[in-house]
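J.: Okay, here's the structure, questions in a sec.
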Amino acid sequence: MPSMAQGGFRNFTGSQKPGSKLSNENQNRQTDFSARRQKILQQRKSLPIASVEKRLVEEVRKHDILIIVGETGSGKTTQIPQFLFDAGFCHDGKVIGITQPRRVAAVTVAKRVSEECGVELGQKVGYSIRFDDATSSSTRIKYMTDGLLLREALLDPFLSKYCVIIVDEAHERTVHTDVLMGLLKNVQHARSNIVSDGQRSNSENTNVKSGMSLEKENGGQRGSFLRKHNNRKYAPLKLIIMSASLDAQVFSEYFGGAKAVHVQGRQFPVDIFYTRHSVADYLDASLITIFQIHLGEGPGDILVFLTGQEEIESIERLINERLKQLPESSQKLLTVSIFAALPSEQQMRVFAPAPSGFRKVILATNIAETSVTIPGIKYVVDPGFVKARTYDPSKGMESLVVVPTSKSQALQRSGRAGREGAGKCFRLYPESEFEKLEDSTKPEIKRCNLSNVILQLKALGVDDILGFDFIEKPSREAIIKSLEQLILLGALTDNGELSDPVGIQMAQLPLDPIYSKALILASQFNCLEEMLITVAMLSVESIFYAPRDKLEEARTAMKCFSSPEGDHLTLINVYRASNEFLEKRSMGMGNAKGEKALRKWCKENFINSRSLKHARDIHKQILGNVEQMGLQIASCGDDMLPYCRCLAASFFLNAAVKQPEGTYRALASGQVVQIHPSSVLFQQRPECIIFNELVQTNNKYIRNITRINYLWLTELAPQYFAVQN
DNA sequence: GAGCACTGC
Numbered sequence: 004m005p006s007m008a009q010g011g012f013r014n015f016t017g018s019q020k021p022g023s024k025l026s027n028e029n030q031n032r033q034t035d036f037s038a039r040r041q042k043i044l045q046q047r048k049s050l051p052i053a054s055v056e057k058r059l060v061e062e063v064r065k066h067d068i069l070i071i072v073g074e075t076g077s078g079k080t081t082q083i084p085q086f087l088f089d090a091g092f093c094h095d096g097k098v099i100g101i102t103q104p105r106r107v108a109a110v111t112v113a114k115r116v117s118e119e120c121g122v123e124l125g126q127k128v129g130y131s132i133r134f135d136d137a138t139s140s141s142t143r144i145k146y147m148t149d150g151l152l153l154r155e156a157l158l159d160p161f162l163s164k165y166c167v168i169i170v171d172e173a174h175e176r177t178v179h180t181d182v183l184m185g186l187l188k189n190v191q192h193a194r195s196n197i198v199s200d201g202q203r204s205n206s207e208n209t210n211v212k213s214g215m216s217l218e219k220e221n222g223g224q225r226g227s228f229l230r231k232h233n234n235r236k237y238a239p240l241k242l243i244i245m246s247a248s249l250d251a252q253v254f255s256e257y258f259g260g261a262k263a264v265h266v267q268g269r270q271f272p273v274d275i276f277y278t279r280h281s282v283a284d285y286l287d288a289s290l291i292t293i294f295q296i297h298l299g300e301g302p303g304d305i306l307v308f309l310t311g312q313e314e315i316e317s318i319e320r321l322i323n324e325r326l327k328q329l330p331e332s333s334q335k336l337l338t339v340s341i342f343a344a345l346p347s348e349q350q351m352r353v354f355a356p357a358p359s360g361f362r363k364v365i366l367a368t369n370i371a372e373t374s375v376t377i378p379g380i381k382y383v384v385d386p387g388f389v390k391a392r393t394y395d396p397s398k399g400m401e402s403l404v405v406v407p408t409s410k411s412q413a414l415q416r417s418g419r420a421g422r423e424g425a426g427k428c429f430r431l432y433p434e435s436e437f438e439k440l441e442d443s444t445k446p447e448i449k450r451c452n453l454s455n456v457i458l459q460l461k462a463l464g465v466d467d468i469l470g471f472d473f474i475e476k477p478s479r480e481a482i483i484k485s486l487e488q489l490i491l492l493g494a495l496t497d498n499g500e501l502s503d504p505v506g507i508q509m510a511q512l513p514l515d516p517i518y519s520k521a522l523i524l525a526s527q528f529n530c531l532e533e534m535l536i537t538v539a540m541l542s543v544e545s546i547f548y549a550p551r552d553k554l555e556e557a558r559t560a561m562k563c564f565s566s567p568e569g570d571h572l573t574l575i576n577v578y579r580a581s582n583e584f585l586e587k588r589s590m591g592m593g594n595a596k597g598e599k600a601l602r603k604w605c606k607e608n609f610i611n612s613r614s615l616k617h618a619r620d621i622h623k624q625i626l627g628n629v630e631q632m633g634l635q636i637a638s639c640g641d642d643m644l645p646y647c648r649c650l651a652a653s654f655f656l657n658a659a660v661k662q663p664e665g666t667y668r669a670l671a672s673g674q675v676v677q678i679h680p681s682s683v684l685f686q687q688r689p690e691c692i693i694f695n696e697l698v699q700t701n702n703k704y705i706r707n708i709t710r711i712n713y714l715w716l717t718e719l720a721p722q723y724f725a726v727q728n
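As structure tokens, then:
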């Protein structure tokens, strides 16, 4: 993160008035400032992309859609928006939007660019991500997450404030990127076709209602855009898709043979080594390779890609055992690990340089492929596997399985050795195996539950989901399954139209549709206050954190919160306890101090503070959403019956009954499942339950469970259970 | 009596 050390300069530049008298200190700062500006200017000029500025601007002028293929280190993400701004693309007050798949990228790049422009972050250059908006009316270069731009499209279907939209890292093929590209294709087409009286301002937002109610009349989706907005004038929209080289062809074809230009990267050469034969045990092979590098190669840190926490922990033990057998002079090898579930303080350890004379070996999951860049890597060890989530629409079940990487993933991994100098990558499989790998990882949209995507598209006026121009179409079965689910939830009518008001309200909420529905029902059951907490807590990673060595302590801590009714009320107890703690402690305390105290409280209670913080943010956001919708926010107080009935009414699709052996039968799918041992109901095993999650690992486990009365199901979801029985 | 890659609104 290059801009961290320069935080002070931003404030200074922001408050500096030309012509004001400067103190000596300020004059010094001014000198520093100029020196820094000079340095930034030189850095910008030395980027490979700087030499093609004119050509790029010309290509954007000539083509409405441009694919830019840029390798790592080309500077495309930071420079191209500045080129376009300087070339006058924002002259009429329009904005250049750049989307990123990850929040952290949107923030760090925006910071860097605002520094390069010598402006305060949030003025000309800004970013917008969920829970954090650093933009203003003067923002012209706006970095954001792709999911956020999709949300913006719900409020402004023409994305009228943008003159250019750049979709960065398109090759990652996240669900959001894929949906966004389909949508942008429609928006661009519609904007280039509209002729109008020009009476209304371009920046004026279309209101939610009109955006939501675009309906099929006789034409396709593009037709409905036109009809609803035919009295407005929009300037044409320029689209730029930025991608890694292997995948550029796909995008070019998708956009009707769009022009693709290549931008040189600045990557050092990486020598690739393969094994002669397939290895039987890749963990063992990794271990041997690590020591071969350590004992036989020059200085430089080693990055090893593993599939999960368990592998990382076991290989770490093995390395340290084997080190002890080596002569003392060869023992200077330090292991550090990084994976998403690791608390942030521990994650930071991978960035610290190894002590003098030591070599660092970083054991990482694929978090180190794209999400974090670790300096000092010269060697990469790649066993060629990754843990991937798959989704089976017919069973409504997800599972996590270890699968071979794709070719582009292998390239991405080896590239991590060539950031600062020439490097080496050791692939622990034969070259013939590499040739057999898939070119790219299967796009996420083909392996996830589509309910949310479909609800969003419906809200954007796309009626014919099966006919939507996806870059790669999900299976017909997956689409139908999700349509059915949305009809069962009441979001869509039997004709597949967005229902009013339920479907419209559900589409506004940034939640899994089943949770959005639970909120709407809760306002009728007079327990919305409780349900807001519930869905916020269910929307984050696991709240309880139990380190292996303190399992008993963690269990005791969890008991203080647990409710005999189940996990949902247990989660509410945790949330309310954190509220009470904050209210008591933060009397007269600042916000930052309150957060610090809360982190300590979490640690004492074996709660993952990152998850709780996230849940509190979501709670705040959805509370705002339901207030805006005018839903009745009431609490059921000490009487938990209406709340539990509301859970049954909301999650009836996930009801299960106990079988004689103590396993459960899920009523909707007929699958035999087991209660996950982390549930507070693991030992009690009530007769009838609802659950929120079904995951296949060693067994089919259900998680987040509450006891219900079977009769509630036929009473509260008769449309579903009457036919079943 | 289990054990969970990574994102995002």
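Basically the working numbering = 1-based index in the first sequence + 3.
For every residue, glycine included, the Cβ atom is placed at its ideal position computed from N, Cα and C.
Could you tell me whether the stretch 448-461 touches the stretch 393-411, where touching means 3 or more Cβ pairs closer than 8 Å?
T.: Because the criterion of three Cβ pairs below 8 Å is met, the stretch 448-461 and the stretch 393-411 touch.
J.: Alpha carbon to alpha carbon, how far is Ser435 from Tyr257?
T.: 31 Å
J.: So within the stretch 380-438, which uninterrupted beta strand (DSSP E) runs reach at least 3 residues, ignoring any that extend past its ends?
T.: 380-385, 388-395, 400-407, 426-430
J.: What's the call for Pro721, buried or exposed, on a 16-neighbour Cβ count within 10 Å?
T.: exposed
J.: Could you tell me how far apart the beta carbons of Leu469 and Pro516 are, in whole angstroms, since I believe they sit closer than 8 Å?
T.: Incorrect: roughly 19 Å between the Cβ atoms, too far for contact.
J.: For Glu56 and Gln46, what's the separation of their Cα atoms in angstroms?
T.: 15 Å
J.: Can you tell me the Cα-Cα spacing of Ile168 and Ile483, whole angstroms?
T.: Computed Cα separation, rounded: 31 Å.
J.: Any contact of the stretch 243-253 with the stretch 60-76, i.e. 3+ C-beta pairs under 8 Å?
T.: yes
J.: Count the other CB atoms within 10 Å of the CB of Thr700; is the residue buried (16 or more) or exposed (fewer)?
T.: Per the 10 Å Cβ criterion, exposed.
J.: Quick one: using the 10 Å Cβ neighbour count with 16 as the cut-off for buried, is His280 buried or exposed?
T.: It counts as exposed.
J.: Using the rule of at least 16 other Cβ atoms within 10 Å of the residue's Cβ for burial, across every protein chain shown, is Lys212 buried or exposed?
T.: Its pLDDT being 33, under 50, Lys212 is placed unreliably in this model, and the coordinates cannot settle the point.
J.: Which of the three DSSP states is assigned to Ser6 in this structure?
T.: Bear in mind that the predicted position of Ser6 carries a pLDDT of just 33, short of 50, making it too unreliable to give a figure here.
J.: For Ser246, does the three-state DSSP call read helix, strand or coil?
T.: strand
J.: Give the straight-line distance between the Cα atoms of Ile490 and Ile507, rounded to the nearest whole angstrom.
T.: 13 Å
J.: Name the residue from Asp250, Ser332, Arg422, Asp135 whose alpha carbon lies nearest to the alpha carbon of Val273.
T.: Looking at the Cα atoms, Arg422 is the closest of the given residues.
J.: I think Arg602 touches Ser347, with their Cβ atoms under 8 Å apart; what is that distance to the nearest whole Å?
T.: With 8 Å as the limit, Arg602 and Ser347 do not qualify as a contact, their Cβ atoms being about 10 Å apart.
J.: Return helix, strand or coil for Met643, following the three-state DSSP convention.
T.: coil
J.: Return the chain-ordered list of same chain residues with a C-beta closer than 6 Å to the C-beta of Met632, the five sequence neighbours on each side being excluded.
T.: For Met632, the CB contacts under 6 Å within the same chain, skipping 5 residues up- and downstream, are Gln508 in chain order.
J.: Whole-angstrom Cβ separation of Asp304 and Gly379, contact assumed at under 8 Å?
T.: The pair is a contact, with the Cβ atoms about 5 Å apart (cut-off 8 Å).
J.: Would you tell me roughly how many angstroms separate the C-alpha atoms of Glu696 and Ile678, rounded to the nearest one?
T.: 10 Å
J.: How many Å lie between Gln415 and Ser195 at the Cα?
T.: For Gln415 and Ser195, the distance between alpha carbons rounds to 37 Å.
J.: Three or more beta-carbon pairs under 8 Å between the stretch 531-550 and the stretch 627-641, yes or no?
T.: These segments touch.
J.: Would the beta-carbon of Ala658 fall within 8 Å of that of Leu670?
T.: A contact, by the Cβ cut-off of 8 Å.
J.: In the DSSP assignment, the alpha helix (DSSP H) including Thr111 goes from what residue to what residue?
T.: It spans 106-120 - the alpha helix (DSSP H) in which Thr111 sits, taken as one unbroken run.
J.: Taking the beta carbon of Ser141 as the centre, do at least 16 other beta carbons fall within 10 Å, making it buried, or is it exposed?
T.: exposed
J.: Output the distance between the C-alpha atoms of Gln687 and Pro680, rounded to the nearest integer angstrom.
T.: 11 Å
J.: Going by alpha carbons, who is nearest to Arg648 out of Trp604, Arg710, His617, Leu684?
T.: Arg710
J.: Can you grab the Cα-Cα spacing for the pair Leu183 / Gly100, in whole Å?
T.: A straight-line Cα-Cα distance of about 13 Å links Leu183 and Gly100.
J.: Looking at C-beta atoms only, is the number of pairs between the stretch 366-384 and the stretch 311-327 that lie closer than 8 Å three or more?
T.: yes
J.: Taking 8 Å as the threshold, find out whether the stretch 135-154 comes into contact with the stretch 106-126 through three or more Cβ pairs.
T.: yes
J.: Are the stretch 56-65 and the stretch 75-91 in contact at 8 Å, needing three or more beta carbon pairs?
T.: yes
J.: Give the range of the beta strand (DSSP E) segment to which Ala344 is assigned.
T.: Run containing Ala344: none; DSSP gives neither H nor E here.
J.: Using DSSP with H/G/I as helix, E/B as strand and the rest coil, what is Leu650?
T.: helix
J.: What's the call for Gln488, buried or exposed, on a 16-neighbour Cβ count within 10 Å?
T.: buried
J.: Look at the Cβ atom of Thr278, then the Cβ atom of Pro433, and state whether they are nearer than 8 Å.
T.: Yes, Cβ-Cβ distance for Thr278 and Pro433 is below 8 Å.
J.: Could you compute how far the alpha carbon of Ile523 sits from the alpha carbon of Val505?
T.: A direct Cα-to-Cα measurement between Ile523 and Val505 gives close to 8 Å.
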